[in-house]
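Numbering follows UniProt numbering, in which position 177 of the sequence shown is assigned residue number 177; successive positions increment by one, without gaps.
Ideal Cβ placement from N, Cα and C applies to all residues, glycine included.
These figures come from a predicted structure and were not determined experimentally.
Everything below concerns the one structure shown next.
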Amino acid sequence: MGNHTFYGELKKINDIERLFHMLPNVISRDSGKIHLDLSKLEFISPLGAISLLLLDKLQNTDLQITPPKRHVISYIERMNFFENCSEQVKLCFEEHCNLFYYQKRRRNNTGQVLLEITPVKNEKDIGNIFESILHILTSHGMRSKEANQIAFIASELGTNIIDHSEGDGYAAIQYYPSLNKVEIGIGDNGIGIVNALKPSLLTQKGIKRISDLEVVKSAFKERISSKTNITKRGMGLSISREKSFHNTQQTNFYVRTHKAIYQIFDDNICCVDECDYFPGTYISLEIFF
Numbered sequence: 001m002g003n004h005t006f007y008g009e010l011k012k013i014n015d016i017e018r019l020f021h022m023l024p025n026v027i028s029r030d031s032g033k034i035h036l037d038l039s040k041l042e043f044i045s046p047l048g049a050i051s052l053l054l055l056d057k058l059q060n061t062d063l064q065i066t067p068p069k070r071h072v073i074s075y076i077e078r079m080n081f082f083e084n085c086s087e088q089v090k091l092c093f094e095e096h097c098n099l100f101y102y103q104k105r106r107r108n109n110t111g112q113v114l115l116e117i118t119p120v121k122n123e124k125d126i127g128n129i130f131e132s133i134l135h136i137l138t139s140h141g142m143r144s145k146e147a148n149q150i151a152f153i154a155s156e157l158g159t160n161i162i163d164h165s166e167g168d169g170y171a172a173i174q175y176y177p178s179l180n181k182v183e184i185g186i187g188d189n190g191i192g193i194v195n196a197l198k199p200s201l202l203t204q205k206g207i208k209r210i211s212d213l214e215v216v217k218s219a220f221k222e223r224i225s226s227k228t229n230i231t232k233r234g235m236g237l238s239i240s241r242e243k244s245f246h247n248t249q250q251t252n253f254y255v256r257t258h259k260a261i262y263q264i265f266d267d268n269i270c271c272v273d274e275c276d277y278f279p280g281t282y283i284s285l286e287i288f289f
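Here it is in structure tokens:
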């Protein structure tokens, strides 16, 4: 069994990468049991919770968790983590604490507004995510135009998971009304952007080689698709990028996929860190209106 202790925050894309860097053996077919000690974890974001869920869902991975501190457990329960994790992981928590205590309390925090962790499996899920975001954001004071913009971005990113990832996917939203800031966390444990798009790009462009960065740029800039039978669909990354910078005060857009972390700008896409390969695509999107 591999024993790993995670320290500090599991909040940003760089924190997600710290977690993945600890676990290089999970991508092998015989990864076996992994013991992840979260007792030193101080804070977790929606995307951080999604990363744990997707780690739990990876095939050939037998995940055992030492639970984090009570305030972290309280937050991930509020995010519906335990409604989506495996029974084995849930049992790890139940052996250390009374989950019913967290489940029965009122979920009332006026400083934060949440769309809890939601599976992304089919078109119905996308529709539910869109409508839920609209309801949550507008009922807490966000203008309808801005709420529609966020709902559209999240649904396009979700559609991209359904069409291309070949894995499990989840989405979550957190809104801070006093700051008029929205955080979108969305991820999947599938084949990743590079593996999904590189074959079709090589064919369409008639070339033999293309860098991972150019593949990611094509995904977010050229409305390219891995499926030749997709016309208006399969372009969610490009459209989401356009909408994320439209009439906003500030946008922080990061993607962790394949072997790197990328920062998405309005007019450019840069590789900000090279990493070991890890399955899936993880998107951190922070928008200020």
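Which residues mark the beginning and the end of the beta strand (DSSP E) in which cysteine 92 is found?
-> Residue numbering aside, residue 92 sits at position 92 when the sequence shown is read from its first letter. Not the beta strand (DSSP E): cysteine 92 falls in the alpha helix (DSSP H), residues 87 to 94.
With a 10 Å radius around its C-beta and 16 neighbouring C-beta atoms as the bar for buried, classify valine 182 as buried or exposed.
-> Position 182 of the sequence shown, counted from the first residue, corresponds to residue 182. Buried, by the Cβ-count rule.
Which residue's Cα is closest to the Cα of isoleucine 191: Glu146, Ala49, Leu58, Glu9?
-> Numbered from 1 along the sequence shown, position 191 holds the residue referred to as residue 191. Ranking the options by Cα distance to isoleucine 191, first place goes to Leu58.
Among Asp125, His71, Ile126, the one whose alpha carbon lies nearest that of tyrosine 101 = On the sequence shown, position 101 is the one that residue 101 refers to. Closest by alpha carbon: His71.
At what residues does the alpha helix (DSSP H) containing glycine 48 begin and finish?
-> Translated into the one-based positions of the sequence shown, residue 48 becomes position 48. 46 to 57 is the extent of the alpha helix (DSSP H) around glycine 48.
Is serine 211 buried or exposed, if buried means 16 or more other CB atoms sit within 10 Å of its CB?
-> To locate residue 211, count along the sequence shown from 1; it is residue 211. Exposed: under 16 other Cβ atoms inside 10 Å.
Grouping DSSP H, G and I as helix and E and B as strand, with all else coil, what is phenylalanine 278?
-> Locating residue 278 in the sequence shown gives position 278, where the first residue counts as 1. Phenylalanine 278 falls in the strand class under three-state DSSP.
Roughly how many whole angstroms lie between the Cα atoms of asparagine 80 and glutamate 214?
-> As a working note, residue 80 is residue 80 in the sequence shown. As a working note, residue 214 is residue 214 in the sequence shown. So the two alpha carbons sit approximately 37 Å from each other.
Decide if arginine 256 is buried, meaning its Cβ has at least 16 other Cβ atoms within 10 Å, or exposed.
-> As a position in the sequence shown, residue 256 is number 256, starting the count at 1. Arginine 256 comes out buried.
Please go through the same chain and pick out, in chain order, the residues whose beta-carbon is closer than 8 Å to the beta-carbon of asparagine 3, but skip the five residues on each side of it.
-> Taking the first residue of the sequence shown as 1, we reach residue 3 at position 3. Cβ-Cβ distances below 8 Å link asparagine 3 to His35, Asp37 in the same chain, with the five nearest sequence neighbours on each side left out; the list follows chain order.
For glutamate 9, which option in Lys40, Leu99, Leu53, Ile161 has the closest C-alpha, if you only look at C-alpha atoms?
-> Within the sequence shown, residue 9 is the residue found at index 9, counting from 1. It is Lys40 whose Cα lies nearest to the Cα of glutamate 9.
Please confirm whether glycine 158 and glycine 280 have their CB atoms less than 8 Å apart.
-> The sequence position of residue 158 within the sequence shown is 158, counting from 1. The sequence position of residue 280 within the sequence shown is 280, counting from 1. Not a contact, by the Cβ cut-off of 8 Å.
Assess, as a yes-or-no matter, whether the region 162 to 179 is touched by the region 242 to 261 under the definition of 3 or more beta carbon pairs within less than 8 Å.
-> Output reads no: the region 162 to 179 does not touch the region 242 to 261.
Boundaries (first-last residue) of the alpha helix (DSSP H) holding proline 199 | Position 199 of the sequence shown, counting from 1, holds the residue named residue 199. Counting along the chain, proline 199 sits inside the alpha helix (DSSP H) bounded by residues 192 to 205.
Which of helix, strand or coil does DSSP assign to glutamine 149?
-> Here residue 149 refers to the residue found at position 149 of the sequence shown. Note: glutamine 149 maps to helix in three-state DSSP.
Status (buried if at least 16 other CB within 10 Å, exposed otherwise) for phenylalanine 149 = Within the sequence shown, residue 149 is the residue found at index 149, counting from 1. Note on residue identity: the sequence assigns glutamine, not phenylalanine, to residue 149. Under a 10 Å Cβ-count criterion, glutamine 149 is classified as buried, with 16 or more other Cβ atoms of the shown protein chains found around its own Cβ.
Under the DSSP definition of a beta bridge, which residues are partnered with glycine 185?
-> Here residue 185 corresponds to residue number 185 of the sequence shown, with the count starting at 1. DSSP output for glycine 185 lists Ala172, Ser284 as bridge partner(s).
Same chain, Cβ closer than 7 Å to phenylalanine 152, neighbours up to 5 away in sequence not counted = Start at 1 with the first residue of the sequence shown, and residue 152 comes out as number 152. Closer than 7 Å at the Cβ level, and outside the excluded window around phenylalanine 152, lie Lys243.
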